[in-house]
Amino acid sequence: MSDHGILRLPAPEHLKPATFGFVRGVLAVLAVVGLVLCLLGGIFDTRQFAFSWFFAFYYFFTISCGSLFWVLLHYVCNGSWDILIRRIWENLAALFPALLLVLAPILIFPQLHDPLWAWMGLVGTDNHELALRAAYLNYPFFYLRVALYFAFFIFVALWYRHRSIMQDADGSPTWTFKLHYHSYFLMTMWALIETFASFDWFMGLDWRWSSSLFGAYHFALSAQAGMAACIVIAAWLQSKGYLARLNHEHYHLAGKLLFAFTILWAYFAFGQYLLIWYANIPEETIFYNDHNRGNWPYLTYFLIVGKFMFPVIFLLAQDTKRHLGRLTGIALWILFMHAVEMWWFIMPYAHVKSLVPSWLDPVCFLTVGSFMGFIYLRLMSAASLFPTRDPRLPECLTVSN
Amino acid sequence: MADAVALRPLVVPVGSPLPPNLYAVACEFAGPAEVYHAAEKIRDLGFKWWDCYTPYYVHGLDRAMGQRKSFVPWFTLAGGLGGLVGAFLLVVITSVWVYPMDTQGKPYFALPAFVPILDLVMILLSAIVSILGMTTLSLLPRLHHPLWEWDAFMRATNDKFFVVIEANDPKFNEKATAELLKQLGGTNLTFIGDVA
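Chains as they are written, first to last, in this note's numbering: chain A, 9 to 409; chain B, 57 to 252.
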């Protein structure tokens, strides 16, 4: 209890080059070697490369998207428990400029985006179905939307991170109030932008298919991935001796939210399936038909067990959430299942008949992942590892639940 | 003579003759920190039948009192599993055997259609069983409690903090326990009796 003692605030912590220098070097080498392999793959198997590269992009996009959600949520509800780990999300969300760079080849080259978003290859042909949707599915409007999405994501993520770092310098509570004041509107905008981005990039993989629940489903999986990534990074930092004041109370709270969002993801994913299964309309059921051909159903069942049943039962016990090792383990597992889900979602459009892994999937994933990790380490070492002078930091340090 | 016993006061200050059917010795503390540290000492002395009463939730008081994790989650789990199995039997028996209906050509055993029912009955039963289990473990509802005879105790819901050590605790001794509470900083030391 802190009744008698004075609460000591932790000093600002900066990542020491000794901690991350080697890791960063490895990531840089991996990214460069991977990029060469990806270029070769892109030249010899362009179609497969487009899908594998998009798979890698989308995995990291959802993590950043979810992280921005957690940053905004922190301000919307005047949060205090997550201040020690908020900078991790701010840094993850600040990866959006790098994500734009990763998506750029797909946006630029028709050889890449035509197989990926099939409607793009049909523009100019007399496709009746596309003509009906031409008001939304056309090149200028699509690129305008993509520009809007990235403008929003980059601006909000960098702005929130920048103001939070400015507070480290002057300690003024004004920043907290200002960011809180703007967070309501930006959270609403985030939900709209995230929904339409998922429509355009993710649901757009099959442009004839539509699901009104898709934005919510995409929100749940993004937020879940953002929380899992944050837990893993916090555990890594703690294992290196940083963030010493992060204790099992914080992990318990993070674990509760990870648990809640695992259930929320299952709720939306199943709700979407249930409505489509019930109504049985061909243009909606097409999605589940495409994802359950050949040996794909095995992967579908694996998702149900691996991304819902196992994590929910495992996270149900309080001891799991309060135990750093177990919580990190399940967060890593959820991040792995997140990759499986992205792959399950995207790849049926590349391999219509049956499940075929390609060597480009792991190579693209590692290349983009190394690049993201490299940039992330730069962002992380640019400022203190946690907001050192947030006015609610004492509340965070003494949190109990 | 029986009338005389019944008229003996149930609440007396420590030092006076004991009330009939001694229930507990109780005392008052000024604030959360005092009650917290007193609880730690009482816990370390090995008392079992005692409790703290505070106007609001004092963080960490459960650990200072040495309370183990609540048993209620097991009620929740049992209720949830019971609801899941019960709802499954209910929908499967009725829609597969008792009253099979062809709806839009879906199979009789249509698991996706059952899931909302399984989910909701599971939640409903786990909630009901949790509440029943919690009230049972807390010996609630009850019409009367000996402590309610003590007027000062009413401020437990306002601005005072109380520690009550019950007479059926194996370590209880009316003199030594009252002395202990006094040493811990308790004021307004009082013996509480019971009607029967």
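From the three backbone atoms N, C-alpha and C, an ideal C-beta is built for every residue, glycine too.
For A82(B), the enclosing beta strand (DSSP E) starts and ends at 80–85. Cβ contact annotation for A231(A) (same chain, cutoff 6 Å, sequence separation greater than five): G74, F77, F269, in chain order. Take the alpha-carbon of M195(A) and the one of F160(A): they are about 11 Å apart.
Residue pairing from DSSP leaves D176(A) without any beta-bridge partner.
Interface with chain B (7 Å Cβ-Cβ cutoff): S88(A) is excluded. The secondary-structure analysis by DSSP pairs S72(B) across a beta bridge with V70(B). Taking CB atoms only, P156(B) has no neighbour in chain A less than 7 Å away. In this structure, M190(B) sits near V128(B), with a CB-CB distance shorter than 7 Å. For V34(A), the secondary structure class from DSSP, reduced to helix, strand or coil, is helix. It is roughly 22 Å from the alpha-carbon of T213(B) to the alpha-carbon of I187(B). Between A94(B) and L236(B), the CB-CB gap reaches or exceeds 7 Å.
Here I98(B) is buried, its C-beta having at least 16 other C-beta atoms within 10 Å. Check the Cα spacing between A143(B) and each of T243(B), F85(B), R198(B), L167(B): the tightest is with L167(B). I221(B) sits in a strand when the DSSP states are folded into three classes. By the rule that beta-carbons nearer than 7 Å mark a contact, W285(A) touches chain B. Neighbours of N135(A) across chain B, judged by C-beta separation under 8 Å, do not exist; the nearest C-beta is about 31 Å away. The contact set of H200(B) on chain A, defined by CB atoms closer than 7 Å, is empty, because the minimum CB distance reaches about 34 Å.
Annotation: the continuous alpha helix (DSSP H) that includes T182(A) extends over 182–205.
A direct Cα-to-Cα measurement between Y112(B) and F62(A) gives close to 53 Å. The beta-bridge partner set that DSSP reports for C108(B) consists of V219(B).
Taking a C-beta distance under 7 Å as the contact criterion, A262(A) and I239(A) qualify as a contact pair.
A Cβ of chain A is located within less than 7 Å of the beta carbon of P168(B). For the pair of segments examined, the segment 381–397 of chain A was found to touch the segment 82–98 of chain A: the number of CB pairs separated by less than 8 Å reaches three.
At a beta-carbon threshold of 7 Å, the residues of chain A lying near Q160(B) are N288, ordered along the chain. In the DSSP assignment, T336(A) falls within the alpha helix (DSSP H) that extends over 332–354. Against V152(B), chain A offers no close residue; the least beta-carbon distance is about 18 Å (beta-carbon pairs closer than 8 Å). Close to V171(B), with beta-carbon spacing below 9 Å, are these residues of chain A in chain order: F278, L282.
L254(A) is classed as buried because its beta carbon has at least 16 other beta carbons within 10 Å across all chains shown. In the three-state reduction of the DSSP assignment, T243(B) falls in the strand class. By the criterion of at least three beta-carbon pairs nearer than 8 Å, the segment 298–309 of chain A is not in contact with the segment 220–235 of chain A. In this structure S247(A) is exposed. Its beta-carbon is surrounded by fewer than 16 other beta-carbon atoms within 10 angstroms. Under the Cβ distance rule, S220(A) does not count among the residues neighbouring chain B, no pair being separated by less than 7 Å.
Residue ranges of uninterrupted alpha helix (DSSP H) with 4 or more members, entirely inside the segment 34–92 of chain A and ordered along the chain, are 54–84.
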